[in-house]
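A.B. asks: Shown below is the structure under consideration.
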Amino acid sequence: MTFDLKPTTIYTVYGSPQLDESRQQSLLYLYQPIIGAEALSLYLNLSADITVEGTSPELMHADLLAAIDNGLAAMLKAREKLEGIGLMNTFQKEDNELGLLLFYQLINPLMPSDFFQDALMCYLLMEKIGQRRFNRLVERFRPKQISTEGLTDVTKRFRDIYRFEETRFAANTELFDETHDKFIEQEISTNTFDWVFFKQQLKKFNLSLAEEDQGKIEALHQMYGIDEMEMLDFAVKSSERNQIQLSFLRNLIIKSKKAKSVDTEIEVSVPTDRNFTGDFSKAEQEIIRQSETIPPIKYLQAIKNQKGGYETNQEIRLVEDLISRHLFPNSVVNILINYILVIQNQAVINQNYLNAIANDWAQRKIQRPEEAIVHVRQADQKLVKKKTTGRRSNTSGRKIQGRKETLPSHIKEPPKEKKITPEKEAELNRKLAEYLNKEGES
């Protein structure tokens, strides 16, 4: 596509017509050090093309090049930086009369509060500006707490000021619900833990659990497939002064599950009546079934077992952190683990590598194992095409990420491993399937 793009090529921009002040501040202070001034200029000029309807008219790249005062090669490099950081998606199609047409979708930058909760974004920013300036930015954007000590709250409440007819309100709730749904993105429903029952049982033992620790309990439940009663047993054993000690609880679970992975069979039930939409091989279908049934840590242990290795404490913490972010269902986490350890043939899961892939998949809104496998397959095909055409001799070792050609080179890659052959990959996945199915029959 790079060689087909000309100043006369037509493009259209989609996105939000305006950025609020917080996102503008985020672009200027947080994104610009990472992407550079030219990429920021490109983003702002494309954003200016968008009308209130959320799209631009058909425009020529010659006008865009004049606006940013740069050449085509520099514009393409800036565009790649925007794509790589998750600020833009690029689409193309061929028109019989007009030739190549490009469609740019601008993505809103993260709010500062969300930016600083993203470990990879923090890493990229600090690598560019240094820790001292990074700390100053943290202080600049940190939520400010206002002390109300010695003050009396005299704020009026809603019902003190506003009146409305409840019957008319109730008659329109369906319309309001539909309106609400149009303004939110679909969230993953991963909460399978019965908190009402679990808290009732905790009360019987006079145990308390801090509200901020519930997410960690939920992550441990998803990682290891621990039900409410088993979790209660670990909670009682890890309590001190009527308070659950999360670090002790976590260590107890890890120790217990490691022992079980060696001494006992893992009970796994893989459904066989799963319907698939799409062209998936039998091996891929089996991987999808397993990913939807097996908790991530058991899945990690099974792969390490087949490779003759073992899961490290660092790998367990990485998977635990990923699950606690609620970006993906367990099935997609399992596919990600399979990709790194089987397809990429890495000996261990590297933190920066895992975060880069997870960020890429999250921004592509991959939420099902089928979507993950299709993305992996397409990215591999793109890589092969690039190698055979000779358009790029070095892809920085990133075989599968959609942003592989634009990820900043200073991110440390995992240690180089010889990429597994398709035949070896199929054989390893076959053995993995046999191993898990055998345990499911026990």
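Just so you know, we're using UniProt numbering here: the sequence shown kicks off at 1 and counts up by one. For glycine and all other residues, C-beta sits at the position ideal for the given N, C-alpha and C.
1) Cα separation between tyrosine 14 and glycine 86?
2) Is DSSP giving aspartate 194 helix, strand or coil here?
3) Let me know the alpha helix (DSSP H) ranges lying completely inside the UniProt domain "DnaB/C C-terminal" (300-375), each 4 residues or longer, listed in chain order.
4) Counting pairs of Cβ atoms below 8 Å between the segment 347-361 and the segment 120-130, do you hit three or more?
5) With methionine 75 and leucine 110 assumed to form a contact (beta carbons below 8 Å), what rounded beta-carbon distance in angstroms separates them?
6) Suppose you measure from the CA of threonine 173 to the CA of threonine 167; what does that come to, to the nearest Å?
7) Let me know if methionine 229 comes out buried or exposed under the rule of 16 or more other beta-carbons within 10 Å of its beta-carbon.
8) Once the 5 residues before and after proline 143 are set aside, which same chain residues still bring their CB inside 8 Å of it?
9) Name the one or two DSSP bridge partners that threonine 12 has.
10) Buried or exposed for tyrosine 162, going by 16 or more other Cβ atoms inside 10 Å?
11) Note the first and the last residue of the continuous beta strand (DSSP E) segment covering aspartate 95.
12) On a CA-only basis, which of Gln314, Ile287 and Glu311 is nearest valine 332? Give me that one, please.
13) Can you say whether residue 456 is buried or exposed, counting buried as having 16 or more other CB atoms within 10 angstroms of its CB?
14) Taking only the alpha-carbon atoms, compute the straight-line gap between leucine 64 and leucine 327 and give it to the nearest angstrom.
15) Kindly indicate which residue of Phe280, Ala78 and Asn242 has the alpha-carbon position closest to the one of alanine 39.
16) Using a threshold of 7 Å, state whether the C-beta atoms of isoleucine 107 and proline 33 are closer than that.
17) Can you list the alpha helix (DSSP H) stretches of 4 or more residues lying completely in the segment 28-91, in chain order?
C.D. replies: Let me spell this out:
1) 15 Å
2) coil
3) 313-324, 330-338 and 351-363
4) yes
5) The Cβ separation is near 24 Å, so there is no contact.
6) 10 Å
7) exposed
8) Ser113
9) Phe103
10) exposed
11) 88-95
12) Ile287
13) This structure leaves residue 456 out entirely; the chain is present only between 1 and 442.
14) 36 Å
15) Ala78
16) no
17) 32-35, 37-49, 61-68 and 72-85
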